Amino acid sequence: MAWSKKACIVFFDEIDAIGGVRYDDGKGGDNVLCLRLPISLMGSTHVVTSRPDLLDPALIRPRRIDRMVEFCLPDLERRTEIFNHEP
Numbered sequence: 001m002a003w004s005k006k007a008c009i010v011f012f013d014e015i016d017a018i019g020g021v022r023y024d025d026g027k028g029g030d031n032v033l034c035l036r037l038p039i040s041l042m043g044s045t046h047v048v049t050s051r052p053d054l055l056d057p058a059l060i061r062p063r064r065i066d067r068m069v070e071f072c073l074p075d076l077e078r079r080t081e082i083f084n085h086e087p
């Protein structure tokens, strides 16, 4: 469906659950998905993971997932500001 729409952003949360490092267990299901997933990611796709170390290298090469932005935990002062914020 995303390809049929001109302006579309695809967002995967916890991509490491389906795009983790491939392994051969004799069943092949994970390998098939991981081989097809990078092809499907062409275009404007955003993914989120808390475990980038588990991502398959085929996913994070140029023209697939080629930019990474790290969101670090705020320091104590900033956490206090966030916690005390009133709209």
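Heads up: the sequence shown is residues 1 to 87, going by UniProt numbering.
In this text, a Cβ means the ideal position worked out from N, Cα and C, and glycines have one as well.
In this text, all values refer to a predicted model and were calculated from it rather than measured experimentally.
Within this structure, are the beta carbons of valine 48 and glutamate 14 separated by less than 8 Å?
The residue labelled residue 48 in the question sits at position 48 within the sequence shown. The residue labelled residue 14 in the question sits at position 14 within the sequence shown. Note that the C-beta distance between valine 48 and glutamate 14 is below 8 Å.
Straight-line CA distance for phenylalanine 71 to leucine 55?
For the purposes of this step, residue 71 is taken as the residue at position 71 of the sequence shown. For the purposes of this step, residue 55 is taken as the residue at position 55 of the sequence shown. Pairing phenylalanine 71 with leucine 55, the inter-Cα distance amounts to about 17 Å.
Taking the CB atoms as reference points, tell me whether histidine 46 and phenylalanine 83 lie closer together than 8 Å.
Taking the sequence shown and counting its residues from 1, the one referred to as residue 46 is at position 46. Taking the sequence shown and counting its residues from 1, the one referred to as residue 83 is at position 83. At a Cβ-Cβ threshold of 8 Å, histidine 46 and phenylalanine 83 do not count as neighbours.
Can you give the Cα-Cα distance for histidine 85 and leucine 73, rounded to whole angstroms?
As a working mapping, residue 85 is identified with position 85 in the sequence shown. As a working mapping, residue 73 is identified with position 73 in the sequence shown. A direct Cα-Cα distance of roughly 17 Å separates histidine 85 from leucine 73.
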